[in-house]
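Q: Quick one: the structure is below, questions incoming.
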Amino acid sequence: MDNISLALNNFKELMNCNYDFIIVCNKQKSDIKLTFESKDFYHLVGFQYLKDIDIPKNEKQLFKKIESLKITDEYLGKSVFYTKVDYSYANVKERISGFKDVDKFIENKNIICRYIKTNNPSSAIKADYLIKSTLYNRTAYMFLRKRSKGDEYCMCSFFMQPQNEYIGQKTYWLYKAKKRISDNYVKILLDRISESTEQ
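Taking UniProt numbering, the leading residue of the sequence shown gets 1, the next gets one more, and so forth.
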């Protein structure tokens, strides 16, 4: 199966899940609820860079074209920007290949930090947190931002091993869990809060 099909299948599963995080920075605890909505997919896989081929922005049309194999890795490869975007380090092919494992990157042992825009002047990314995760000798950068409505967070940017480093304020994981919305099943990935109370 093509990487773009695998990426969409994985993303659709994540739309039925959310992640609950508790982190601490400067002795202040913060709760993060990470959710996935269909409108997020287009940007996360980097389709905004492929301006020379036809890719619908409407998520229903986009998903249908991928599922019907009208948008495939071969089709995406027709874009001159698929592996190199002008004036950018972006590599859409690598991004899609990594995004098919985005859940594994989230759930893997990783680093989170508070993202500070002023410390990253060369970046246009607007985010609250950055998760850096290495899996299968590949490093993914996942940026989280609070949604415009409500208290939930979205993943606003995702890419693989960039040319430049991103700097953030040191933050620590206290709790990570994945909740399946359909049946409320919760898988605890990390729980340092319970560990500390048991000692």
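The beta-carbon is built from N, C-alpha and C at its ideal position, and this holds for glycine as well.
Could you give the first and the last residue of the continuous alpha helix (DSSP H) run that contains Asn-9?
A: Per DSSP, Asn-9 belongs to the alpha helix (DSSP H) from 3 to 14.
Q: Okay, do the region 100 to 110 and the region 10 to 30 touch, 3+ Cβ pairs below 8 Å being the bar?
A: Contact between the region 100 to 110 and the region 10 to 30 is present, because at least three Cβ pairs lie under 8 Å.
Q: Between the region 53 to 65 and the region 27 to 36, do three or more beta carbon pairs fall short of 8 Å?
A: no
Q: Would Gly-46 and Arg-95 qualify as a contact pair, given that the criterion is a beta-carbon distance under 8 Å?
A: Yes. Within cutoff.
Q: So what's Val-80 in DSSP terms, helix, strand or just coil?
A: coil
Q: With DSSP run on the structure shown, which of helix, strand or coil describes Ile-71?
A: Collapsing the DSSP output to three states places Ile-71 in coil.
Q: With which residues is Lys-170 paired in a DSSP beta bridge?
A: Answer is Cys-113, bridged to Lys-170.
Q: With a threshold of 8 Å, are at least 3 pairs of Cβ atoms found where one atom belongs to the region 36 to 45 and the other to the region 149 to 162?
A: yes
Q: Does DSSP classify Gln-161 as helix, strand or coil?
A: If DSSP states are grouped into helix, strand and coil, Gln-161 belongs with coil.
Q: Is there contact here, the region 156 to 174 with the region 133 to 145, by at least three beta-carbon pairs under 8 Å?
A: yes
Q: So, with DSSP's three-state summary, where would you put Leu-44?
A: Residue state, collapsed to three classes: helix.
Q: What did DSSP end up calling Leu-130 once you bin it into helix, strand or coil?
A: strand
Q: Grab the span of the alpha helix (DSSP H) containing Phe-105 for me, first residue to last.
A: 102 to 107
Q: Would DSSP call Leu-135 helix, strand or coil?
A: Leu-135 falls in the strand class under three-state DSSP.
Q: Give me the residue from Ala-7, Val-186, Phe-36 with the minimum Cα distance to Lys-93.
A: Ala-7
Q: Apply the 10 Å Cβ neighbour rule to Tyr-172 and answer buried if 16 or more other Cβ atoms are within range, or exposed otherwise.
A: exposed
Q: Report yes if the CB atom of Asn-110 is closer than 8 Å to the CB atom of Tyr-166, and no otherwise.
A: no
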